[in-house]
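There are 2 protein chains.
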Amino acid sequence: MKHPVTFVSLGPGDPELITLKGLKALQQADCIFYPATAGPNHRVVSRAGDILKALGMPSDALQPFFLPMSKGRETAKLVYAQIALRSIALHEEGKKVAIAAEGDAGFYSSSHYIYDDLTERRIPVTTIAGIPAFIASGALAGIHVVKQEEPLTVFPGTVSAEELRATLQEGKTAVIMKLSQCEAAVKVCMRQTAGHVWHYFENVGLESAFYTADCGVIEGKRFPYFSLMVIKP
Amino acid sequence: MKHPVTFVSLGPGDPELITLKGLKALQQADCIFYPATAGPNHRVVSRAGDILKALGMPSDALQPFFLPMSKGRETAKLVYAQIALRSIALHEEGKKVAIAAEGDAGFYSSSHYIYDDLTERRIPVTTIAGIPAFIASGALAGIHVVKQEEPLTVFPGTVSAEELRATLQEGKTAVIMKLSQCEAAVKVCMRQTAGHVWHYFENVGLESAFYTADCGVIEGKRFPYFSLMVIKP
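Protein chains in written order, with the numbering used here: chain U, 221 to 453; chain A, 221 to 453.
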């Protein structure tokens, strides 16, 4: 008997923010692939790995795959292609394969490269949804990201100051993911736009989570990898 | 000892799509308020109630509050104000109060009325995040709602055909919540816009979930209350 390859969303970082369904799929998996980077002294650096270990996943099921720290997407694609092939081999042996993704596996997740590879080869796949970081941010700060008739635009880190200003002037709430990629543009827009509240978040879902809505503090920040913003009219 | 009033997000409908943290908060609560409507023959109609019962919550903790079916927001506000007052009374007695919300409690959730009432009166509150319906829709259809550099705009049911067309022409992915409120506008735009994929969803998270990307089928549909769309360039 063969089982679909299951993409399991881990949520934003707090292990308890995984769903019951996601946890069950992980517990039943023979093999769990998860993204990592190689840190100093041969250390495996992985937020997904930290979540999986906190959830008590057995180490013999855990299979990290190492993504290049540089922005070379082509190298990363080779890594994803390898994981797709390894997943297919295990799937053909009747093994239950899980591919873990931080946040939600269908919302700005690089796991789509593996997913696309598998579906092109007609391997059955299934996805278990998870909480994106921007949703968890709202809960952390005690704000409603959007309510009633408020429209929302989410930018993935490539937004320009002009584009962001136009969105805010239309009265839309804006969420900016991958904030480190557009730090300069966001700061330019923040200096030039009055009357909005700029909610800044780092490491949402972790013990080290940081939140401020003080523009002075935000101005002095170097935006790290795990940062995002919610800007409200 | 007093405990913060906890807003617990239930997720999109499948009881197993609640988080571990959300389930734990519900299990520890002395009282769980949840939204309902009065159905025929004195029946309590409540998606939140169905989830809570499926999760095994004891009936003596469950407290439905009844929202008017009509769009009278003022009447609904009176109901929310009552729940805020009842929550405060229980909180002062040292009881653990949970307020359950479908989807995510901070994402187009009417529970913000209760939240705002409590915070204005300086009652400590906390929120546990959940999966919004549009995120679960992506998993259901096996699509990535957004990936890489794709921006996303979410409309809450008040979008016009012109506004939607402009968003799609900018190359943005669009999500439309509360689809029943803008059925005519969406259908007009769908007829006039070529080259996009229109993903239509009903009752995501339930057994009765329905999905199609066939514009002919969508055209013939009367959009129900629990429906939404993901439109991709």
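Every residue gets a Cβ at the ideal spot worked out from N, C-alpha and C, and that includes glycine.
Between Ile348/A and Phe253/A a beta carbon distance of about 15 Å is seen, past the 8 Å cut, so the two are scored as non-contacting.
Sorting Gly425/A, Tyr420/A, Phe285/A and Glu403/A by C-alpha distance to the C-alpha of Ala381/A places Glu403/A at the top.
In this structure, the CA atom of Ala245/A is about 11 Å from the CA atom of His223/A. Taking Ile271/A as the centre and dropping the five residues before and after it, the same chain places the C-beta of Leu230 and Pro235 closer than 6 Å to its C-beta, in chain order.
Within chain A, no C-beta atom comes nearer than 8 Å to that of Glu294/U; the closest sits roughly 14 Å away. When DSSP reads this structure, Gln283/U sits in a beta bridge with Phe253/U.
Taking a cut-off of 8 Å for Cβ pairs, the segment 416-435 of chain A and the segment 354-364 of chain A touch, as three or more such pairs fall below it. Excluding the 5 residues flanking it on each side, Pro344/A has same chain C-beta neighbours closer than 6 Å at Pro224, in chain order. For Ala414/U, there is no enclosing alpha helix (DSSP H), as DSSP gives it neither H nor E. The distance from the Cβ of Pro288/U to that of Ala296/U is about 6 Å, consistent with a contact at the 8 Å cut-off. Identification of chain U residues near Val225/A by a Cβ-Cβ cut-off of 7 Å yields none; the smallest Cβ-Cβ distance measures about 12 Å. When the five nearest sequence neighbours on each side are left out, the beta carbons in the same chain lying within less than 7 Å of the beta carbon of Trp418/U are those of Met410, Ala433, Cys435, Ile438, Met449 and Ile451, in order along the chain. Taking a Cβ-Cβ cut-off of 8 Å, the neighbours of Phe375/U in chain A comprise Pro371, given in sequence order.
If you ignore the 5 residues before and after Val299/A, its C-beta comes within less than 8 Å of the C-beta of Phe285, Phe286, Leu287 and Pro288, all in its own chain and listed in chain order. Cβ neighbours of Ala256/A within its own chain (closer than 8 Å, five residues either side excluded): Val264, Val265, Ser266, Ala268, Gly269, Pro284, Phe285, Phe286 and Leu287. Cβ-Cβ distances below 8 Å link Thr339/A to Val345 in the same chain, with the five nearest sequence neighbours on each side left out; the list follows chain order. Per DSSP, Ser380/A has no beta bridge partner at all. Chain order gives the chain U residues near Phe327/A as Ile355, Gly358, His364, Val365 and Val366, where near means a beta carbon separation below 8 Å. Unbroken beta strand (DSSP E) runs of no fewer than 3 residues, entirely contained in the segment 268-354 of chain U, are found at 282-286, 317-321 and 345-348, following chain order. Residues of the same chain with a CB within less than 8 Å of the CB of Met397/U, apart from the 5 flanking positions on each side, are Tyr328, Ala353, Phe354, Val374, Phe375, Pro376, Gly377 and Leu448 in chain order.
Contact of Val345/U with chain A by beta-carbon distance below 8 Å involves Gly362.
The three-state reading of DSSP puts Val437/A in helix, counting H, G and I together.
Only those residues of the segment 235-258 of chain A whose C-beta falls short of 8 Å from the nearest C-beta of chain U are listed: Pro235, Glu236, Leu237, Ile238, Thr239, Leu240, Lys241, Leu243 and Lys244. Around the beta carbon of Tyr445/U, fewer than 16 other beta carbons sit within 10 angstroms, so the residue counts as exposed. With contacts defined as CB atoms closer than 8 Å, Pro232/U and Ala320/U fail to qualify as a contacting pair. When C-alpha distances from Arg293/U are compared across Val395/U, Ser330/U and Gln368/U, the shortest belongs to Ser330/U. Legend: CB atoms of the segment 389-422 of chain U lying less than 8 Å from CB atoms of chain A belong to residues Lys392.
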